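Protein chains in written order, with this note's numbering: chain A, 2 to 383; chain B, 2 to 383; chain C, 2 to 383. Positions of the beta carbon are idealized from the N, C-alpha and C atoms, including for glycine. If you're wondering where the values come from, they're calculated on a predicted model, not measured in any experiment.
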């Protein structure tokens, strides 16, 4: 990756917030895409512990490393590797093929739409009536947008996104390809109490008669605030009434499911394949790790962390960290987890103790018997 | 939300099956979208327990509440809140932008198709040869339908759905955006026994030689019966031979995976991110909660409930409720779950008992010793 | 399913590698799609144990069965049923509607693309600048391909796939409908240390001030090697730097998530809804069962098996089999699992033992007391 202009290690260190160990005036022009494939003229990143052990094999003339790393070649050490990568990659950049300003002739945009002049709409995009799109927003090929949708400025929607009627999207929102915003929430009711309802009420006479699941109209919407990113093939459902809301700066990975009426705070992180049932509330800066799920109406506190695959069945306090299914505090969980793996020895120990207790009783009985006989003897002796 | 015409509380109560507490002739014209944002002229719904505690803050002139709620303002109390919501929302409605009758000029429909005159096909829809579409069905933008597909009457397919060749879809079926019906099932075989097969057969001499996974042709199809709804980005795979079948009235949430040859009963509920491996059978009215999974060839009984994240590895009887991974009966599971959290105290108790047992042995030994010496004494005394 | 030409049982047995029990010259023309629906003139497959019990109801004149099955009608017995199915279905085939050679007039292909003459590009496909497509590759309707993408020969991309800029795809790759290749990896960093970082560093003074998640440019790509298949609505993210790589012959089911920079070996199987976090490495022929997940930077060994719903938090050795969340060796896991279900009796036993120990102590105390008094007596006697 070629730098836009040659830079000295000193300049780079200043730019990324690092410290040079070696000649600050050494000039680099290229950044290696992989440390092991670096050329001798490259600058490389090495942050991985495994890679740091094999660093001798890296031919780069200078290396960006984590604080506290000592090497036999020039380095820039940084306290926060990801921030350094972020800053370098923002400089290096990478050409992506985005649609050009204007509306591609193959796009089908309803004439009632309010489209800012600097918007770029790619081929085969479909946009319904009275939708409004803010300045500089780019919409890539095959994305379908419904009617009365509101989209802010500087958004980027990758190909084949689906945005249903009346959804409201803020500024600088990124949708990865295949993201689905505003599908109907999953809500049904039966005319007669369903078998499940009967059972919940303690009634066990169930019925085999048809009792159709009637679709509750989902007349609410979705509000996506500024600076949100939503991953590929994720789905954010519209509310039954009111709005499902994703707070500003929140980042959502791929294949995440967010059900109707959820209220997500700001700067929240939802990792891939997370599933959030209806009407959940998630506090600011909470992190929900991959494949975690939560049942409906759960409240997750601010700065809480839900570990991967956790199944949240009860509210989680601010800053609490949960693991397990059903989930609870991670420390308690890991203690329990470690102990479960010791169950075989506990069962053995328990069996041994039981035997030992029997043995003690036997010894005691024998002793009593011997004393008794001895006492009897004594007594008889007396 | 404006009612189509002003209604009295009495009329509404009769319509939704509730009971008025207050003036039955009070007239309302609007329904609040959120109780806390209700205007003084609105009718509001309040069913949430949390919201019921703050009900003083609701300015609505009348409130629909769960049975047994007493307030200082006019109420309509209902036994089944969701049924009341359903009925009210069916009245209130909500404008959605559906394609108009006819075939949009940008749609690419094979001339051999059999399309009823009242069908509405949106922009950029693609339909393959000899596909048949029943009366009044609406197909939204960018949906792709293969050849020889059969689709019933009054269906609604949201944008960007994918329906592969020969799939059969009944009447009144709803597909949410991005739903995928009829992709190939996931089936492979190797020419020579694979390393996994060898291991299953107890053979541990594995091979590093290439042994390609050959794709088994998936020549079956998918049959979706009447009144089914399938969620956004869910995938229902075609059968290897025969058909994957979804029974009538079944409702499937987003991001659900149904593998080849599954047989799903009627009025079943599959919540988001459920995964069902090949050839599973699910009985009528079973409910599979979010992120639950089941291995292949599992049979779930009628009215069974599989709780969220459960991993079903064995058949589940009618009406049984399963939790855990591997799953078993929920009562047993919760008992075990509660006990696992007491493991730290059990381990401590066990350690204490062990110590105590040692102590008992020591006491016993001492006692024996003292008796022995005393006996010796006695004896020697004798 | 009609055979292309009538075949004798002998010919079929030779073709699929089985053994005839009955008249080898018996001619069949049709294969039943379901054994229970077979006509008297059909050949049927019956491999399922349940079905084998009801085999009397199968009217087929000959049946292909697993080795060791004895019936009262002509059979061909085979050692590996799936291989027999594979071979028969390869013969029987099934008509699918694929695009014709050439570029559909509605497709929007950048003139700078390098498209082999035998390529078939369906309606409404969009292909960006400088993309290269190898001979005989078929791209179905509505698929969107970015710029500078490289695609090999004999590929088949089903409808509505999404392939972002610069992705490299080998030969004979199959993408099922809705597959997403090359969306941005999920990587962010904050300018100031985030609350999560602070907590990891043991600092508990968190901040409520905005600290935006900055998007780390994902300038890497995805490399899909030869003979890979990727399931419907699965997502394979591009690398931050370098490439996410899927090795040749690997098969990926539906709704799988593969994060940035993963390195997947050859002939690996990833079952539906698997989630693989960033920078994981998976060895050749590993099998990752449905809904399993692994945290970032995990290494799974060759021929390892990760069971369904397992949550892998540590590296897995070659050939090891893991289950549980967090996962560990399956044998240990199942031992523990069985023991957890015995926890109620262990707790009872433990309580009983505690009582018994108390009882022993009491007996011992009484005994001591009696001895003491007796000793006192003795002593006093003396």
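Nearest-angstrom Cα separation, counted from residue j out to residue i
| i | j | result |
| --- | --- | --- |
| residue 199 of chain A | residue 52 of chain C | 35 Å |
| residue 373 of chain C | residue 364 of chain B | 14 Å |
| residue 101 of chain A | residue 105 of chain B | 26 Å |
| residue 3 of chain B | residue 89 of chain B | 11 Å |
| residue 342 of chain B | residue 293 of chain C | 24 Å |
| residue 22 of chain B | residue 66 of chain B | 10 Å |
| residue 164 of chain C | residue 191 of chain A | 42 Å |
| residue 319 of chain C | residue 287 of chain B | 39 Å |
| residue 5 of chain A | residue 94 of chain A | 9 Å |
| residue 264 of chain A | residue 345 of chain B | 37 Å |
| residue 334 of chain A | residue 327 of chain C | 11 Å |
| residue 129 of chain C | residue 228 of chain C | 24 Å |
| residue 141 of chain B | residue 126 of chain B | 7 Å |
| residue 24 of chain C | residue 235 of chain A | 57 Å |
| residue 272 of chain C | residue 316 of chain A | 32 Å |
| residue 213 of chain C | residue 195 of chain C | 9 Å |
| residue 145 of chain B | residue 160 of chain B | 9 Å |
| residue 10 of chain C | residue 27 of chain C | 6 Å |
| residue 36 of chain C | residue 243 of chain B | 10 Å |
| residue 384 of chain B | residue 352 of chain C | This structure leaves residue 384 of chain B out entirely; chain B is present only between 2 and 383. |
| residue 178 of chain C | residue 158 of chain C | 7 Å |
| residue 149 of chain B | residue 187 of chain B | 22 Å |
| residue 369 of chain C | residue 350 of chain C | 28 Å |
| residue 119 of chain A | residue 136 of chain A | 6 Å |
| residue 183 of chain A | residue 184 of chain B | 24 Å |
| residue 380 of chain C | residue 354 of chain A | In this prediction, residue 380 of chain C scores a pLDDT of 47, lower than 50, which makes its location untrustworthy; no coordinate-derived value is stated. |
| residue 267 of chain C | residue 47 of chain A | 27 Å |
| residue 166 of chain B | residue 14 of chain B | 48 Å |
| residue 231 of chain C | residue 197 of chain A | 38 Å |
| residue 281 of chain C | residue 92 of chain A | 27 Å |
Limits of the beta strand (DSSP E) - the one that residue i falls within
| i | result |
| --- | --- |
| residue 323 of chain C | 322–325 |
| residue 247 of chain C | 244–247 |
| residue 330 of chain A | 328–330 |
| residue 126 of chain A | First-last for residue 126 of chain A: undefined, no H or E at that position. |
| residue 183 of chain A | 181–184 |
| residue 138 of chain B | Element bounds for residue 138 of chain B: n/a, residue is neither H nor E. |
Bridge partners - residue i, DSSP secondary structure assignment
| i | result |
| --- | --- |
| residue 189 of chain B | B:216 |
| residue 151 of chain C | C:133, C:169 |
| residue 176 of chain C | C:158, C:231 |
| residue 2 of chain A | Note: residue 2 of chain A sits in no beta bridge, so no partner. |
| residue 276 of chain A | A:258, A:294 |
| residue 102 of chain A | According to DSSP, which records beta bridges pairwise, residue 102 of chain A is partnered with nothing at all. |
| residue 163 of chain A | A:145, A:181 |
| residue 252 of chain C | C:230, C:270 |
| residue 121 of chain B | B:103, B:139 |
| residue 264 of chain C | C:246, C:282 |
Element boundaries [alpha helix (DSSP H), containing residue i]
| i | result |
| --- | --- |
| residue 206 of chain A | Premise fails: residue 206 of chain A is in no alpha helix (DSSP H) and is neither H nor E. |
| residue 197 of chain A | 196–201 |
Mind listing, in chain order, the continuous beta strand (DSSP E) runs of no fewer than 3 residues lying wholly within the stretch 17–99 of chain C? 19–22, 28–32, 43–46, 63–67, 76–79
Under 8 Å (Cβ pairs) to chain B, residues found in the stretch 139–158 of chain C: 141, 142, 143
Tell me which residues of the stretch 185–207 of chain B have at least one Cβ-Cβ distance to chain C shorter than 9 Å, keeping chain order. 185, 187, 188, 189, 190, 191, 192, 194, 195, 196, 197, 198, 200, 205, 207
Of all the residues that make up the stretch 345–359 of chain B, which are near chain C by a beta-carbon distance shorter than 9 Å? 347, 350, 351, 353, 354, 357, 358
Relative to chain A, which residues along the stretch 259–288 of chain B have a C-beta separation below 8 Å, given in chain order? 267, 268, 270, 272, 273, 274, 285, 286, 288
Can you pull out the residues from the stretch 220–237 of chain B whose beta carbon lies closer than 7 Å to at least one beta carbon of chain A? 228, 230, 232, 233, 234
Tell me which residues of the stretch 294–309 of chain C have at least one Cβ-Cβ distance to chain A shorter than 7 Å, keeping chain order. 294, 296
Residues, ordered as in the chain, of the stretch 74–85 of chain A that lie near chain C by beta-carbon distance below 8 Å: 81, 83, 84
Relative to chain A, which residues along the stretch 239–256 of chain B have a C-beta separation below 7 Å, given in chain order? 250, 252, 254, 255, 256
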